[in-house]
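K.L.:
Protein chains in written order, with this note's numbering: chain E, 1138 to 1677; chain P, 1138 to 1677. Let me give you the structure first, and then I'll get to my questions.
2 protein chains.
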Amino acid sequence: MMVVAADLLGKTAFWGIGFCLIVVSAAAGASNGANERLNIWPMPKSVSHGHHSLYLSDGFELKTDGSTYLDGSGILKDAFSRMVEVIRGTHAVDGNVVAGFNQSHVLKGVHVVVLSANEELQHGIDESYHLTVPDIGSSLYAYLRAQTVYGALHGLQTFSQMCQFNFTSRAFEVHQVPWTVLDQPRFAYRGLLIDTARHYLPLPVIKKVIDSMTYSKLNVLHWHIVDTQSFPLEIPSYPKLWDGAYSSSERYTVGDATEIVRYAQRRGINVLAELDVPGHAQSWGVGYPKLWPSKDCQQPLDVSSDFTFKVINGILSDFGKIFKYKFVHLGGDEVNTTCWTSTPRIQKWLKTRRFDGQQAYQYFVLRAQKIALSHGYEIINWEETFNNFGSKLSRKTVVHNWLGGGVAQQVVAAGLRCIVSNQDKWYLDHLDATWDGFYSNEPLANITQPKQQALVLGGEVCMWGENIDASDIEQTIWPRAAAAAERLWTSPENLANDLSKVGGRLAHFRCLLNQRGVAAAPVSGYGRDAPDEPGSCHLQ
Amino acid sequence: MMVVAADLLGKTAFWGIGFCLIVVSAAAGASNGANERLNIWPMPKSVSHGHHSLYLSDGFELKTDGSTYLDGSGILKDAFSRMVEVIRGTHAVDGNVVAGFNQSHVLKGVHVVVLSANEELQHGIDESYHLTVPDIGSSLYAYLRAQTVYGALHGLQTFSQMCQFNFTSRAFEVHQVPWTVLDQPRFAYRGLLIDTARHYLPLPVIKKVIDSMTYSKLNVLHWHIVDTQSFPLEIPSYPKLWDGAYSSSERYTVGDATEIVRYAQRRGINVLAELDVPGHAQSWGVGYPKLWPSKDCQQPLDVSSDFTFKVINGILSDFGKIFKYKFVHLGGDEVNTTCWTSTPRIQKWLKTRRFDGQQAYQYFVLRAQKIALSHGYEIINWEETFNNFGSKLSRKTVVHNWLGGGVAQQVVAAGLRCIVSNQDKWYLDHLDATWDGFYSNEPLANITQPKQQALVLGGEVCMWGENIDASDIEQTIWPRAAAAAERLWTSPENLANDLSKVGGRLAHFRCLLNQRGVAAAPVSGYGRDAPDEPGSCHLQ
């Protein structure tokens, strides 16, 4: 799959009079002078480039001859249009590139060949791509080859970062041609959590977050839909659940959720829905008070009642129609069982079963797991479930670390899969966590056996919503999430050990996000700090 | 112009079986229960509404029969499309409104009649509109009548705020029909300043600011382009001026500036370009060091050199090709003349002219004014020019207040025009200035004579850029700028005196901005403060 099309390589060689390839390896942060710096984020697996420039043709086009993938739903076509728009949106140009320029310096488009007709987006699909941009010549096209359309989408993102407006020629150009890029992600799971329970996030805001994720090749939107404070999602099986929303307008219909999944999927991003049980679920009882242990003690969900599990079953049944990702997240974190042990009715039930609070917690989680399995889902649970009764969890469980470092090591040693989100490094709501901590956080720390390494699916940065709404979500996510995205995408040998060598490239990427209308905060500050004085984007 | 089309009124009366008009006057903050609250921002001059709802047809359309305005450049058509997109962007719906609903409850579109064919956007054009939405009936259209297309654009904004997604019908609806709105702005100048010298703002960011301005009917983007720190704009007459940009990429071409003007104009917004002289101009000398008094003392611009005024002439000549608004802003604030009085060469020149520093400052400002007048511009100057030598200013000067309150009173007493931006109330970079101060700031305070009142063109909120870049501009502007926008748009009799009655409506408007993807901050906090705890948008 990674073989360069012979004809293209031949042409490159023929055209390559006077070109000088700089092969960049382990050069994530290396700078060969300002003009030579490789400003691609996240750094590809292997990349080489030259010193010439090509103009992007006014009629810059997508060509798909030879593709097995027919793009019936327009995923590739739309991605190409978005890419062109994002490049061209930064400056206004007169449409004179075709007319006014030396035709041997004009790149006419991208020729994309996708080998698989299947556009199902599942965990672990092939996201690799091979991108070449020719040197000066005639009738030039960049060439992008990928197994799946989602790999091709990543290739287009990389291509977009090679392009820049030239203030002298007044044209958009691809710099540093010829290019050869061979790329593939290190981890299959590269996530970002958003939280619509602490604050409702309107649809256009979620869509913008999804768009911004594509720029650094993140591929899972973990949607923490519901929590103690609110239940914004429509559940047809239990239509009073969203009575727990903050207001009548701060709700998502099934249509809205379906649209979010569709929108994300067309951008190569899976949506992981979370139903956090049995804690973090107080809002469920607004519509169905029977789910509360009592009126005065409202969570965790009543473990003693079959109705609780009927509702979970109904929700997961409805989820199955909306969320097609193979995983569902069942939460399981921060369960305080006091309401169970202090409510007489439940006390009694515990006694019959000979459960203490902890055993009831285990019972709840395992029963919820079984329901999820019955709907065809594999399960992700927060790490407390593993820490408390890891050996009892379904073998189809992925343990989601958050409390601290070192957990992944134990999880994979126990033969379970793991996602890393240790809060000290990868919680975006920790405003004192800076980009270098996000960058340095290694999911495979102290995991040396390849078999165990393979059990680490990847990692996720978490944008918890207590102090996050539509007004500040973007600049709290970016650019720090991008630092983690490189950790998750880029091969270890291309990751920078010396962080001073990567800061400039990250600052460049942050400015690129700004140019694309994403409100990424200065790299140098804490969290989402405002710039502290006048100055260039590239130095802040 | 404000006469209701007879046939339409007739129909409304005929259809109006069982409808009950609530005439809202002086009701800016009045709430007749949650369902009845009039959630339009800024409050129109006169508005009445009923209690019914209509579904927006799937094929919701723009009809322009009888319009004198032919919309050759698509200003109206595009505005209509944007409006529909903004309404529909908040939730996903199945396309079943035409098919599934009682046809007498379906609104098919808006019939817009624009009386003037002229689409020139100049200061003081007629921005009024008359909007009616019928009650239940058949073949229904809203009717929007305006003298100019820009009045019609305001009418569409108002219409968009009557619409809402209904979670029961799963359709977008116009609530509280029938509506009759007669509306016009109180002030002709309703501005927002942005500052691209302290931080470069990419084109997509400026465009988004422009879009967000339209939602509260602001109509002037004051572009503070250049300052001490950077000179980002291309000036063909003096091509080295933008050597003073922060970096090669943080620049605007003439094409970019033209595009900003075009983009704004199509949304009913004029762009006021500022060339702040003679202070705040150090960056000019990066390309032309001769403009500095000396290498060690770099501003104000050298008053003694004809080259300085040649450059100003060149810039204003180039401005004339880009910025078509009748005003240009010549700054004139915060001039410290020490570099003049301490540089031997300029000292000598001052002596010859018998000028002290203050007189030289006056000389500079008046000479710059003459150049601007020669290019056909009327002039806006910051208030220091008036405070120091008001009687000498061209009678075509508009004095731009900023230092504090009470200035407008003096300016109009002197027979000059004025724009109000007193920093204690209307500087958005003052993060301790809260929305109630923005709302309460009255441009006509202590100005009682109608003739003097007429000299107050309006006001402007200022988003100075020392700590503002693409990452925080939106939430620092909104929602506070909207509070000022109502002060500038709405008739005094409809402004709320009791601020507790307007906060809920402003919170609603802030949530509306969020739903449209604008990162408006919580109403309740300081400046752009993050929400301080989980909760509903409407209560924060």
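We put the CB at the ideal spot given by N, CA and C, even for glycine. Since the model is a prediction, treat every value here as computed from it, not as a measurement.
#1: Per DSSP, which residues does P:A1279 bridge with? Please list them.
#2: Using 7 Å as the threshold, is the C-beta distance between P:W1626 and P:P1322 below it?
#3: What's the call for P:D1669, buried or exposed, on a 16-neighbour Cβ count within 10 Å?
#4: Kindly confirm or deny that the segment 1415-1424 of chain E and the segment 1462-1475 of chain E touch, where touching means at least three C-beta pairs closer than 8 Å.
#5: What three-state label does DSSP hand P:H1512 in the structure shown?
#6: Please list, in chain order, the chain E residues whose beta carbon lies closer than 8 Å to that of P:Q1436.
#7: Give every residue of the same chain whose Cβ lies closer than 6 Å to the Cβ of P:S1190, excluding the five residues on either side of it in the sequence, and list them in chain order.
#8: Give the DSSP-derived three-state secondary structure of E:Y1337 in the structure shown.
#9: Using a Cβ-Cβ distance under 7 Å, would E:T1227 count as near chain P?
#10: Would you say E:Y1576 lies against chain P (beta-carbon separation less than 7 Å)?
#11: Would you tell me roughly how many angstroms separate the C-alpha atoms of E:A1644 and E:L1594, rounded to the nearest one?
#12: Verify the CB distance criterion: does P:A1644 have a CB-CB separation below 7 Å to chain E?
#13: Beta strand (DSSP E) containing E:H1359: first to last residue?
#14: Starting from the C-beta of E:D1573, find all residues in its chain whose C-beta is less than 7 Å away, skip the five residues before and the five after it, and write them out in chain order.
#15: Indicate whether E:V1230 and E:E1256 have their beta-carbon atoms separated by less than 7 Å.
#16: Can you check which of these residues, P:H1359, P:R1335, P:V1314, P:I1343, is closest to P:Y1326 by C-alpha distance?
#17: Is the segment 1252-1272 of chain P close to the segment 1367-1374 of chain E, with three or more CB pairs under 8 Å?
#18: Can you pull the chain E residues whose beta carbon is under 9 Å from the beta carbon of P:C1674, in chain order?
#19: Can you tell which of P:A1582, P:R1174, P:L1290, P:T1390 has its C-alpha closest to the C-alpha of P:Y1206?
#20: If I'm right that P:K1458 touches P:E1515 with Cβ under 8 Å, what's the distance once you round it to whole angstroms?
#21: Taking three-plus beta-carbon pairs below 8 Å as touching, is the segment 1429-1444 of chain E in contact with the segment 1295-1309 of chain E?
#22: Measure the C-alpha to C-alpha separation of E:N1631 and E:H1267 and round it to an integer number of angstroms.
#23: Please classify P:T1317: does DSSP put it in a helix, a strand, or coil?
#24: By a C-beta neighbour count over all protein chains shown, 10 Å radius and 16 as the cutoff for buried, is P:G1494 buried or exposed?
#25: Using a Cβ-Cβ distance under 7 Å, would P:P1415 count as near chain E?
#26: Quick check on E:I1212: does DSSP put it in helix, strand or coil?
#27: Considering only C-alpha positions, which residue in the set P:A1334, P:N1578, P:S1183, P:A1656 is nearest to E:V1342?
#28: Could you please give me the residues that DSSP links to P:S1183 through a beta bridge?
#29: Given that E:F1456 touches chain P, what residues does it touch there, using C-beta distances under 7 Å?
#30: Taking the straight line between their C-alpha atoms, what separation do you get for E:W1379 and E:H1336?
#31: Taking just the CA atoms, how far does P:G1392 sit from E:H1228?
#32: Can you give the beta carbon distance from E:I1556 to E:E1623, rounded, assuming they're within the 8 Å contact cut?
#33: Give the DSSP-derived three-state secondary structure of E:V1535 in the structure shown.
#34: Rounded to the nearest angstrom, how far is the Cβ of E:Q1284 from that of E:D1263, given a contact under 8 Å?
#35: Given that E:R1307 touches chain P, what residues does it touch there, using C-beta distances under 9 Å?
#36: Since P:P1671 and E:E1603 should fall inside the 8 Å C-beta cutoff, what is the C-beta to C-beta distance between them, to a whole number of angstroms?
P.N.:
With the given structure in hand:
#1: Paired residues: P:V1247.
#2: Their beta carbons are under 7 Å apart, which means P:W1626 touches P:P1322 by this criterion.
#3: By the neighbour-count rule (16 or more Cβ atoms within 10 Å), P:D1669 is not buried but exposed.
#4: Contact between the segment 1415-1424 of chain E and the segment 1462-1475 of chain E is present, because at least three Cβ pairs lie under 8 Å.
#5: In this structure, P:H1512 counts as coil in the three-state DSSP scheme.
#6: Correct list: empty, because the minimum Cβ distance to chain E is about 15 Å.
#7: Excluding residues within five positions, the ones whose Cβ falls inside 6 Å are E1310, H1312.
#8: In this structure, E:Y1337 counts as coil in the three-state DSSP scheme.
#9: Yes, because at least one Cβ of chain P sits closer than 7 Å to the Cβ of E:T1227.
#10: So no, E:Y1576 is outside the interface.
#11: CA-to-CA, the gap between E:A1644 and E:L1594 works out to about 28 Å.
#12: Taking Cβ atoms only, chain E never reaches closer than 7 Å to P:A1644, which makes this a no.
#13: E:H1359: member of the beta strand (DSSP E) spanning 1357-1361, first to last residue.
#14: Sequence-distant Cβ neighbours of E:D1573 in its own chain, meaning closer than 7 Å and more than five residues away, are L1636.
#15: Not closer than 7 Å, so no.
#16: Considering only alpha carbons, the answer is P:H1359.
#17: Here the segment 1252-1272 of chain P does not lie against the segment 1367-1374 of chain E, with fewer than 3 beta-carbon pairs under 8 Å apart.
#18: Neighbours of P:C1674 on chain E, chain order: H1336, Y1337, P1339, Y1383, S1384, S1386, E1387, D1606, A1607.
#19: Nearest Cα to P:Y1206 within the set P:A1582, P:R1174, P:L1290, P:T1390: P:L1290.
#20: Not a contact, Cβ separation roughly 18 Å.
#21: Segments in contact, no.
#22: Taking the CA atoms as reference points, E:N1631 sits about 17 Å from E:H1267.
#23: Residue state for P:T1317 is assigned as strand, using DSSP reduced to three classes.
#24: By the neighbour-count rule (16 or more Cβ atoms within 10 Å), P:G1494 is buried.
#25: No, its Cβ sits nowhere closer than 7 Å to a Cβ of chain E.
#26: Looking at E:I1212 - three-state DSSP - the assignment turns out to be helix.
#27: Cα-wise, what sits closest to E:V1342 is P:A1656.
#28: In the DSSP secondary-structure assignment, P:S1183 is bridged to P:L1319.
#29: For E:F1456, none of the residues of chain P pass the 7 Å Cβ criterion, the least Cβ distance being about 17 Å.
#30: Taking the straight line joining both Cα atoms gives about 14 Å.
#31: Per the coordinates, the alpha-carbon of E:H1228 lies some 8 Å from the alpha-carbon of P:G1392.
#32: Between E:I1556 and E:E1623 a beta carbon distance of about 17 Å is seen, past the 8 Å cut, so the two are scored as non-contacting.
#33: Reduced to three states, the DSSP call for E:V1535 is strand.
#34: Sure, about 4 Å apart at Cβ, within 8 Å.
#35: Those within 9 Å of E:R1307 in chain P are T1390, G1392.
#36: At roughly 5 Å, the Cβ-Cβ gap stays under 8 Å, so P:P1671 and E:E1603 are in contact.
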